[in-house]
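J.: First, the structure itself, so that you have it in front of you.
Below, the structure is given as structure tokens:
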């Protein structure tokens with residue numbers, strides 16, 4: 010194991026109050042019986058043991074548990090289990106994440122704040138009615 014990035018994400022979720030049983034339940038909820046990772050597997054990851062790497066069918070459930078995009082989960086798995094660091098792609102991921110946050114903020118602001126033109130139109134409509 011060259012880098013414990015995946016384990017750190019599991020520990021982050023534990024620190025936020027999620028239990029291993031809840032992690033197992035969330036993977037079952039997302040991936041069905043075939044896509045369930047046991048609470049023992051999550052525990053081993055958290056304490057730094059090396060259980061077998063998760064198969065692709067588990068990615069959606071892991072993403073749900075860790076509250077991360079599936080692509081980021083794949084990167085964490087590559088890094089922790091296979092020692093393949095996708096640093097360039099991480100920078101791309103962070104840039105996309107920031108862009109998405111900015112886009113969401115702009116949309117939210119547009120929904121909350123009317124432009125001067127919209128305000129004039131609303132005032133004219135109220136004056137006519």
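Residue numbers (this note's numbering): 10 to 138. For every residue, glycine included, the Cβ atom is placed at its ideal position computed from N, Cα and C.
Excluding the five sequence neighbours on either side, which residues of its own chain have a C-beta within less than 7 Å of the C-beta of residue 60, listed in chain order?
T.: Indexing the chain shown from 1 puts residue 60 at position 51. 50, 53 and 54, listed in sequence order.
J.: Given a threshold of 16 other Cβ atoms within 10 Å of its Cβ, counted over all protein chains shown, does residue 19 qualify as buried or as exposed?
T.: The residue you call residue 19 lines up with position 10 of the chain shown. So residue 19 ends up on the buried side.
J.: If you reduce the DSSP assignment to three classes, tell me which class residue 106 lands in.
T.: Taking the chain shown and counting its residues from 1, the one referred to as residue 106 is at position 97. Residue 106: helix per DSSP, three-state reduction.
J.: Using three-state DSSP, classify residue 48 as helix, strand or coil.
T.: Counted from its first residue, the chain shown places residue 48 at position 39. Residue state, collapsed to three classes: helix.
J.: May I ask you to report which of helix, strand or coil DSSP gives residue 65?
T.: Residue mapping note: residue 65 aligns to position 56 of the chain shown, counting from 1. It is helical.
J.: If we ignore side chains and look at the alpha-carbon of each, how far apart do residue 14 and residue 133 end up?
T.: Taking the first residue of the chain shown as 1, we reach residue 14 at position 5. Taking the first residue of the chain shown as 1, we reach residue 133 at position 124. If you take the alpha carbons of residue 14 and residue 133, they lie about 58 Å apart.
J.: Can you tell me the Cα-Cα spacing of residue 90 and residue 27, whole angstroms?
T.: Residue 90 sits at position 81 when you count from the first residue of the chain shown. Residue 27 sits at position 18 when you count from the first residue of the chain shown. Distance between the alpha carbons of residue 90 and residue 27: 23 Å.
J.: Decide if residue 35 is buried, meaning its Cβ has at least 16 other Cβ atoms within 10 Å, or exposed.
T.: To locate residue 35, count along the chain shown from 1; it is residue 26. With 16 or more other Cβ atoms within 10 Å, it is buried.
J.: Taking just the CA atoms, how far does residue 81 sit from residue 46?
T.: Here the question's residue 46 lines up with position 37 in the chain shown. Here the question's residue 81 lines up with position 72 in the chain shown. About 18 Å.
J.: Report the three-state DSSP secondary structure of residue 10 (helix, strand or coil).
T.: Along the chain shown, one-based indexing puts residue 10 at 1. Unreliable placement is indicated for residue 10, whose pLDDT of 43 sits below 50; no coordinate value is reported for it.
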